Amino acid sequence: MKPFDYRAPADAATAVRTVAADPSAVFLGGGTNLVDHLKLGITTPGLVVDVTALTSAEITGRHGGLRIGAAVRNSDLSADHRVRERYPVLAEAVLAGASGQLRNMATTGGNPLQRTRCVYFQDVTTPCNKRQPGSGCSAFGGYTRHHAVLGASPHCIATHPSDLAVALTALDAEVQVLGTTGERSIPFGELHRLPGEHPELDTVLDHGELITAIDLPEAPIAANSTYRKVRDRASYAFALVSVAAALRVEDGIVRDSRIAFGGVAHKPWRAHQAEAVLRDAPANEDTYREAAEAELAEAVAVDGIDGGNGFKIPLLTRTLVATLRDLAGEAR
Ligand code: SF4
1 MKPFDYRAPA
11 DAATAVRTVA
21 ADPSAVFLGG
31 GTNLVDHLKL
41 GITTPGLVVD
51 VTALTSAEIT
61 GRHGGLRIGA
71 AVRNSDLSAD
81 HRVRERYPVL
91 AEAVLAGASG
101 QLRNMATTGG
111 NPLQRTRCVY
121 FQDVTTPCNK
131 RQPGSGCSAF
141 GGYTRHHAVL
151 GASPHCIATH
161 PSDLAVALTA
171 LDAEVQVLGT
181 TGERSIPFGE
191 LHRLPGEHPE
201 LDTVLDHGEL
211 ITAIDLPEAP
221 IAANSTYRKV
231 RDRASYAFAL
241 VSVAAALRVE
251 DGIVRDSRIA
261 FGGVAHKPWR
271 AHQAEAVLRD
281 APANEDTYRE
291 AAEAELAEAV
301 AVDGIDGGNG
311 FKIPLLTRTL
321 VATLRDLAGE
331 AR
């Protein structure tokens, strides 16, 4: 491992100024992804700035919703009774991710910033445009089972790994950010980027900007919500596909929905087209399938030496249908 300096500033503003002034500096939160990257040589910072004590570790009520401090541990987030009752999709998404030990360390602010688990990104002996811009993409012609079918580019077909981020996208959460020029809010659905020509950039955050909190808006629909994750083994695995969904059905008609997909794109994928198909349509399997097919009309499968990722398209269709069927049948 390359040696680096370590600092633990007294406040968030100092931490932000310190990182912004040094291109080789990174923030340290729970460290569950960063420490892996330090060991693998994916990240070689000159300075690590510890922010674990600099943002709130509380969940507080705000405008009928909740404000989640960036330092709230994933295990505390999933155990909070307000989250479990009012936003079950979020609690379920957190519990579907990682292991108990990792959830005890990982933070709400850090979890959405974890980086892809593309095997080539993690193998520093292979070309990867995300790790080393301009070097090429080893996934094309390689292993693509875990890669994207929506929104990819010729430069990168990686998927975003966070389950929590998929739920926050469906819930229309807002990210609170502190930078050198002050605070700003970012709609959660706009935090992450598609790869385009710059897959090295995962988010719209500037270097040195720090997530301080994530706000959940008041959302009665979210009380009837759930997270369904399909993966190669029952726990401690990343999603092949996942669905975060909330549904409101009245007299057999879908009146409102919130849907996001995981495991299929470079960012959590908000399914606006599926939501449009569902609105004021009969709550039945034909409608749910039509909604999935509308959202996946532009999906592109990528061949690979492992059989490729084309299976994700019918799998996600079936997963969305099953998720909406459950939500329609169980008013929680
Ligand atoms: Fe790198 Fe993206 Fe290609 Fe994976 S898919 S090798 S992360 S450029």
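Residue numbering for the sequence shown follows the UniProt record's numbering, starting at 1 and increasing by one per position.
Cβ atoms here follow ideal geometry from the backbone N, Cα and C, with glycine treated the same way.
This one's a predicted model, so the numbers in the text were calculated from it and none came from an experiment.
{"query": "Expressed to the nearest angstrom, what Euclidean distance is found between the alpha-carbon atoms of Ala170 and Val19?", "result": "31 Å"}
{"query": "Would you mind sorting Ser185 into buried or exposed? The rule is 16 or more other CB atoms within 10 Å of its CB.", "result": "exposed"}
{"query": "Just to confirm, does His155 get its C-beta within under 8 Å of one of the non-hydrogen atoms of the ligand SF4?", "result": "yes"}
{"query": "Could I get the ranges of all uninterrupted alpha helix (DSSP H) runs contained in the segment 96-139, with 4 residues as the minimum, in chain order?", "result": "100-105"}
{"query": "For the segment 205-233, which segments carrying the beta strand (DSSP E) assignment without a break, of at least 3 residues, lie completely within its bounds, in sequence order?", "result": "210-216, 225-230"}
{"query": "Tyr6 by DSSP, collapsed to three states: which one?", "result": "strand"}
{"query": "Please tell me whether, using a cut-off of 8 Å, the distance from the CB of Lys312 to the nearest non-hydrogen atom of the ligand SF4 is below it.", "result": "no"}
{"query": "Which of the three DSSP states is assigned to Ala15 in this structure?", "result": "helix"}
{"query": "CA-CA distance, Pro195 and Val149?", "result": "13 Å"}
{"query": "Bridge partners of Ser153, per DSSP?", "result": "Cys156"}
{"query": "Just confirm the distance between the C-beta atoms of Val241 and Leu191, as a whole number of angstroms; I'd bet it's less than 8 Å.", "result": "Not really, about 21 Å apart at Cβ, beyond 8 Å."}
{"query": "What number of angstroms, rounded off, separates the C-alpha of Arg270 from the C-alpha of Asp303?", "result": "25 Å"}
{"query": "Out of Ala219, Asp11, Cys118, which has the shortest C-alpha to C-alpha gap to Ala265?", "result": "Cys118"}
{"query": "Relative to the alpha-carbon of Leu113, which residue among Thr203, Asp280, Ala283, Glu250 has its alpha-carbon at the smallest distance?", "result": "Thr203"}
{"query": "Quick one: residues in its chain with C-beta nearer than 7 Å to the C-beta of Ala260, no 5 flanking neighbours on either side, listed in chain order?", "result": "Val166, Thr169, Ala170, Ala244, Pro268, Trp269, Arg270, Ala271"}
{"query": "Thinking just about the alpha-carbon of each residue, which of Arg131, Gly110, Glu197, Val230 is nearest to the one in Val51?", "result": "Gly110"}
{"query": "I'd like to know whether the C-beta atoms of Asp22 and Thr144 end up nearer to each other than 9 Å.", "result": "no"}
{"query": "Nearest CA to the CA of His226: which residue from Arg84, Phe4, Asp76, Arg7?", "result": "Looking at the sequence shown, residue 226 is not His but Thr. Taking only the C-alpha atoms, the option nearest Thr226 is Arg84."}
{"query": "Using DSSP's beta-bridge definition, name the partner residues of Val254.", "result": "Val249"}
{"query": "Classify Ser162 as buried or exposed, calling it buried when 16 or more other Cβ atoms lie within 10 Å of its own Cβ.", "result": "buried"}
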